[in-house]
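First to last, the sequence lines map onto chains A and B. For what it's worth, numbering that gives the first Met the number 0 labels the leading residue of the first sequence as 0, then goes sequentially. For what it's worth, numbering that gives the first Met the number 0 labels the leading residue of the second sequence as 0, then goes sequentially. Cβ atoms here follow ideal geometry from the backbone N, Cα and C, with glycine treated the same way.
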Amino acid sequence: MAYIEFKEVRKEYGSGEAKIKALDGADFFVEQGELAVILGSSGAGKTTALNILGGMDIPTSGQVMVDGVDISGYKKRQLTAYRRTDIGFVFQFYNLVPNLTALENVELAAQVCKDSLDPAKTLEKVGLKERMGNFPSQLSGGEQQRVAIARALAKNPKLLLCDEPTGALDYATGKQILQLLQETCRRDKITVILITHNSALAPMADRLIRFKSGKVVEMSTNENPTPIENIEW
Amino acid sequence: MLKASVKDILRTIGKEKKRFFSIMTITILGVTMMTGLQAGCEDLRLSADRFYDEQRLFDVSIMSTLGLTKEDVEVIASMEGIELAEGSYSEVVHTKKGEINKTAEIKIFQNQGLNQPYLVEGRLPKGKEEIAVTAAYLRDTGKKIGDWLEIEEREKEQEEEAEDELSVEEEGSNFPITRFQITGTIIDVMDINNADGSAAFRATPNADYTFFVIREAVETEVYSAVYASLEEGGPLLCYSPEYEGKVLSVIEAIESDIVEQRERARYVQITGEAYEKIEEKEGEMREEFTKAEQELSDAGKELEDGKIEIAEGWQELADGKKELEEKEQEVLLEIADAKAELADAYEQLNQGWVALNEAEKQINIGEAQLEEGKELLRAKEAEVRQQLLEAEINLQQKQQENQAKTEQLTQALEGIKAALEGMGSPWSESLETAWNAYVEQTTEIAAKTMAPLMERGEEDPARIEAAIGEALQQAMADPVTGYNENLAFLTTELTSNIGLEQLISSGMIPGMADRTELLSMATGQATCNATASILQKAVQTLEEQRSYAEKEIAAGWAKLEAGEQDLLAGREQLSAGRAEVIENYQKYQDGVKELEENEAKAHQEFSDARKELLEGEADLLEGEQEIAEGEQELAQHQQEYLEKKEDAEKKIADAKAEVSKIDMTKWYVQDRSSLSGYSNVKSDTGAIESLATVFAVVFFIVAILMSLTTVTRMVEEERGLIGTYKALGFQDDEIGKKYLTYTLAASGIGAVLGNVGGFVVLPEILFVFFRVMYLFPEYILSFNPLLGTIAGALFLIGIVGAGVFACYHEVRHLPAHLMRPKAPRAGTRVFLEYIVPLWRRMSFLNKVTARNLFRYKKRMFMTLFGIAGCTALLVFGLAIKDSVSELMPLQYEKVYQYDLLAVAGEENNEKLLQYADSSTEITDYVNLQVESIKIKNQKKDTEKVQLMIFEEREDFLNYVSLEDEEGNPILSLEEGIYVTENAAKMLDVKEGDGVLLQRLDLTQEEVRITSLVKNYLGNNIYMARDTYEQLFGLYEPNGILAHLSSDLQNPIGFADELAKEDWILSSLSTQELKDGFSAAFTLINLVVYVVLILAAGLAFVVLFTLASINISERERELATIKVLGFFDREVHSHVNKETIILTLMGIGIGLPLGAALSSMLTEILKMPSIYFAVTIYPRSYGICAVIALTFALIVQLLTNQSLNVIDPVEALKSVE
């Protein structure tokens, strides 16, 4: 069985006439240690899928298996605990706590789970050793996103979920961030799922999942993913 | 169709409901607070004015030391500016409430006149015997309309003893009728203090109750007061400066134009009348003295007659006594004889009884013996029968055995005979004969041998056989017997029978070896025969024995029967004897009873006779006593007559002298403030209004700050939207309109509702309290447009201004700047971080909290200020409450150290002192003069106070503790007066100033204040005797201050008991004052509760607003930590920790702030008769802190809900 599995997952918002099907029977799976890229245009359901996978939302129907456990029926508290220990999130807009330094932002995440990594070392890993004491407002966007990644990694999660992590960054910086994610995946054997609407990023993935209208229209594996520096868009 | 921008405004209001309501609520609370208390007070004054106008309360009152006349009234009525002048009469009389003396002021009322009593129930009096009373009287006495009440004239006692005393003043009652029927209950417009309220402390009322009767019920030509109303008084509001100015000008006119002239006129009239009266009395006196002399001589004659009568009586009595003694002697002798006879009879009866008892005892013994004999006989009988039976059985058994043996032998022999027959050698005739002969012989021998053996009881067959054998041997040896021959014959015969031989030898006969055996068989047969005969004999003997025994037993029974018969006869005789004795005893008893009855009767007769004699004697003695008394009385009367005559003559001389001493008339012209109810309303409203101002200011500041924060936050949140509008080309003012409308709507609605709260709701609540204090029949709501508008406008301007300012602050930026996300407020290092050791020890989340606190500085200060303000208000409110409850111990334990103040009136002072000396409950006391007095300053402001005059300068020590303003104890009363602080404050006078003292009889003198003294409730003036005498003349002590024994359980009961004495005017224990105290402060306490609730409401709104702003500002941050996997509880504590810390800090600031605010209370609450010393109990601080903290916690519960609904997915979707 695959490490992560989506089986016939549906998600509906609203009711009656105004019912919107964000996911309409999505099926896919991801193996452990893979870097999966989910592609799709706006409204294709990819963010909904990621939210469900990240324990921030629950599906209307279907099964979501993570490491052999079905999380689709989790209650609120179980979901929180799941987020706490198993998931690392990286957002488009970083979402750092402005009132905490880079190090403290990482500590914030590290302190809530048991097998956390050393926050300082994690920051060092993402190349921010020198800027640990700075507040987010004193950091550039790329640096802030690195802090966000460090914050996600410090929890030593089973899954690293990234929602358009380069969306707010310029080309070069975005590339560096993607490289960091790819390296992290290779080096630490962490399963990474990355959402983007940029099809050009497809070659970097071990597994490519394409969403359209709430369904998975394509799922393919890539034996030899292209290193990020070789991708241009 | 609405413009899109208008729609946006409406939707914003819809969406931002919470914020809208919070601004609205703050405005409501603030406006209510600013207007409500003031409006309530205005309403009270208005209600008072309406009531006064409707009941036509006077505007000016005039009183005179010598009363007022019809002419006075006419002159006053003719004055310019006077609408109506009316003479009135009132008098304080006594009435009873149960046993206790109470005072009542009787007033007259005139239809269409001034000072109309307000009718509550029933109707006003129409006839002379009808009266209207206050509700308090009915409640206290339990009487109903239709019941009767009686009054007692106050000066009655004096009048009685001084029947012919001449008086120049209008002393005594002018009420010819003292019994009235109650027709209705009324409210006296001149006394609208509710008796349950604070009246006790503010001004001692003249009387406990007020009664109204019609003019005709009073017989007087002189008025006690003239009341007048002003021509333009009605439309003006009382308490207003215009009204007071008008009244003052009229008073001044009266004083300057007519007072002097009228005073002189009255003086002349009074003195003239007095001289006339004196002459009249002199004539009356002479007439009466003549009459008295005649009466005295009549009495002397009557006494002589009485003496003769008594001497006759004594003689009669002596005769009666002698007769009685003789008769008594005789009867006693008779009785003694009868008694002796009876005693003999009794002795005989006793002896007979003893004999009978003895006989019975004998019979009893005989019966017992008989019974014993029967028992013995029965036993014997049984025994004998048993023995006989046993012997019989034994014999029968033996006979049977023997029979059996015989049969056995016979059979055996028969068997042998049969066998022989068969063999052909039959048992021959001869053999038979020989056999029988042998058997016969042997039987004889055996019988002889056996008889003695059997007689000895030998039973063993072997031995018997042996004995028989032996006897047979002897018989063989003795030829005389012929036994041998028989034996030989048999043997021969036997031998001759061949068959037999054969038979034996063949062994066909069992157990038979040879022929001898056959012989022994014969022997056996013989033995059996012998035995049978012996046994037969024994049976015979036994029968004989039996019949003998039966005979013996029957004889025994016969003998016993005879004995029993004898005993029965004896018993019959005995009971006959007893019956006789009893009958005789009954006779004896009857004799005794008869005798006793006779004796008793005799004694009764004698004692009756004796009593009669004694009574006669007593009567005589009494008569003698009476005569002696009569003589004494007569002497006394003569003495009295002489004294009285002298006295009366002297009195007439005195009266004449007194008239010449009468002081010049003095008029007092006053306005309504002489009524305590009128001035109480003024001071109550003043106090509440002062409190209202303090509260309103704090409220306003807090409310404005809150609104500012809220509005600013709202504008900031819509920053992007503002940018969008700008980018779309809207003008700045068009954009601003939205916020203007929003804030205007919120604060506008709030202002309107606040006005409703302030002019309707809060006054209505206050009315509830006013009803406890005052007797106004109705309370009127009023609206003060100016106040309402100003209060509303202040909030409108403050809040809308804040909105506009915040909006302008944003709008001035370029659209691009606005549309870019506003950089989240930068994190900064807080000073705590520089205290490295401390910072390091703090937990991570605490560090976050610390940073957050300082990041949002504005909000931090808002919260601090809001909570501090509300806490301060709470402390302020509770300070009032605490101070009120502390006043009581301060006054009644610290200042008043006495337990009882009793006043008796100067004429009963001696009686009071005697009572105090003899009472065990009173441990010690001091005698003094107590008086109700008015103190006035130069501006004629008046305070009614209690004056205490001590004989010696140090007398007050131990009873009243006096301290000057600095707290130095005063140990001796110097010359001048000592005035309590509050009175001085109300009159605005101080140490060294001169003041006027006016007594109840309206005489007044000026005096210097020696020192002010501390006092908390009520007002007193203290002075020593010499000062008083310099001022008013004669010092007449009339009361005592006393300490009661500490064993006394119920000092109130003791004081009440004392008050029941006729000669006691008042008796009040300090304990009762203490108990009645709490009621006095009802109003202020209740207002405090209202204020506390409003303050608590404000605290709640403040906390809630700030908490929601806190959340909305940090929604993104909170969403982030939720995504990171913080549990709800952790998210709550992340936010709440800040709130709690801020709340605690706010409380920390608020408590001292409140204490500071409270210290102003003494000045703010400047009420007559109450010196408001501020006290705050430590626990009140605790209560305030707990209330504030509780609100913080409740608000947290609410915000926790808001925190729970933050959806991280939504929050993180886009940039703010």
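{"query": "Between lysine 1261/B and cysteine 527/B, is the Cβ-Cβ spacing less than 7 Å?", "result": "Given that chain B is displayed from residue 0 to residue 1215, the structure contains no residue 1261/B and the question cannot be resolved."}
{"query": "Is any beta-carbon of chain B found at less than 7 Å from that of alanine 108/A?", "result": "yes"}
{"query": "Could you tell me which chain A residues have their CB closer than 9 Å to the CB of glycine 719/B, listed as they occur along the chain?", "result": "Result: empty, since nearest Cβ-Cβ is about 14 Å, beyond 9 Å."}
{"query": "Check whether the Cβ atoms of tyrosine 93/A and glutamine 137/A lie closer than 7 Å to each other.", "result": "no"}
{"query": "Go through its chain and collect everything with a Cβ distance to serine 902/B's Cβ below 7 Å, but skip five positions before and after it.", "result": "Note on identity: in this sequence residue 902/B is valine, with serine being the wrong assignment. So the list reads Val929, Asn1037, Gly1038, Leu1064, Ser1065, once near-sequence residues are dropped."}
{"query": "Are the C-beta atoms of asparagine 1199/B and some chain A residue less than 7 Å apart?", "result": "no"}
{"query": "Alpha carbon to alpha carbon, what distance is there between alanine 381/B and glutamate 374/B?", "result": "11 Å"}
{"query": "By the 8 Å beta-carbon criterion, what residues does the region 83-102 of chain A contribute toward chain B?", "result": "Arg83, Thr84, Ile86, Phe88, Phe90, Phe92, Asn94, Leu95, Val96, Pro97, Asn98, Leu99, Thr100"}
{"query": "Counting along the chain, where does the beta strand (DSSP E) carrying histidine 93/B start and finish?", "result": "89-96"}
{"query": "Just reading off the alpha helix (DSSP H) that valine 751/B is part of, what are its end residues?", "result": "731-755"}
{"query": "Please compile the residues from chain B whose C-beta is within a distance smaller than 8 Å of the C-beta of methionine 55/A.", "result": "Val1122, Pro1207, Val1208"}
{"query": "What runs of the beta strand (DSSP E), each 3 residues or longer, lie entirely inside the region 645-729 of chain B?", "result": "666-669"}
{"query": "Can you tell me whether DSSP reads glycine 622/B as helix, strand or coil?", "result": "helix"}
{"query": "Check each candidate in Gly121/B, Glu149/B, Ala134/B, Val119/B and name the one with the smallest Cα separation from glutamate 128/B.", "result": "Glu149/B"}
{"query": "Per the DSSP calculation, serine 60/A is bridged to which residue(s)?", "result": "Arg9/A"}
{"query": "Could you run through the region 833-850 of chain B and flag, in chain order, every residue whose CB is less than 7 Å away from some CB of chain D?", "result": "No chain D appears in the structure shown, which is made up of the protein chains A and B."}
{"query": "Going straight from the alpha carbon of lysine 933/B to that of glutamine 115/B, what length do you get?", "result": "26 Å"}
{"query": "Under the three-state reduction of DSSP, which class applies to threonine 182/B: helix, strand or coil?", "result": "strand"}
{"query": "Between glutamine 37/B and the rest of its own chain, which residues show a CB-CB distance below 7 Å, the 5 nearest in sequence each way excluded?", "result": "Glu688, Ala691, Leu786"}
{"query": "Using beta-carbon positions only, say whether glycine 753/B and isoleucine 27/B come within less than 7 Å of one another.", "result": "yes"}
{"query": "Would asparagine 197/A count as contacting chain B if we go by Cβ distances under 7 Å?", "result": "no"}
{"query": "Quick check: the Cα distance between leucine 388/B and alanine 568/B, rounded to an integer number of angstroms?", "result": "40 Å"}
{"query": "Look at alanine 745/B and methionine 23/B and say whether their C-beta atoms are less than 7 Å apart.", "result": "yes"}
{"query": "Under 7 Å between C-beta atoms, does histidine 816/B make it to chain A?", "result": "no"}
{"query": "Name the chain A residues whose beta carbon is nearer than 7 Å to that of arginine 854/B?", "result": "Asn98"}
{"query": "Could you tell me if phenylalanine 200/B is buried or exposed, where buried requires 16 or more neighbouring beta carbons within 10 angstroms of its beta carbon?", "result": "For phenylalanine 200/B, the pLDDT reaches just 45, beneath the cut-off of 50, and the residue's location in the model is therefore unreliable, although a value from the coordinates is still provided. Answer is buried; the Cβ neighbour count reaches 16."}
{"query": "Counting contacts by CB-CB distance shorter than 7 Å, is glutamate 1116/B in contact with chain A?", "result": "yes"}
{"query": "Between the Cα of leucine 241/A and the Cα atoms of Gly140/A, Ala43/A, Ile148/A, Gln110/A, which residue gives the shortest distance?", "result": "Here chain A comprises residues numbered 0 to 232, so residue 241/A is not present and cannot be evaluated."}
{"query": "Kindly indicate which residue of Ile130/B, Ile879/B, His93/B, Leu1093/B has the alpha-carbon position closest to the one of methionine 1159/B.", "result": "Ile879/B"}
{"query": "If we count the other Cβ atoms within 10 Å of its Cβ and call it buried at 16 or more, is proline 1177/B buried or exposed?", "result": "exposed"}
{"query": "Below 9 Å on C-beta distance, what does phenylalanine 1126/B contact in chain A?", "result": "Arg76, Thr79, Ala80, Arg83, Val111"}
{"query": "Is there a C-beta anywhere in chain A that falls below 7 Å from the one on threonine 1119/B?", "result": "yes"}
{"query": "Could you tell me which of Gly54/A, Phe90/A, Asp26/A sits nearest to proline 164/A, measuring between CA atoms?", "result": "Phe90/A"}
{"query": "Let me know if asparagine 193/B comes out buried or exposed under the rule of 16 or more other beta-carbons within 10 Å of its beta-carbon.", "result": "buried"}
{"query": "Should valine 146/A and asparagine 104/A be called a contact, given that it needs their Cβ atoms to be closer than 7 Å?", "result": "yes"}
{"query": "Checking 7 Å against the spacing of the C-beta atoms, do tyrosine 1027/B and alanine 1172/B come in under that value?", "result": "no"}
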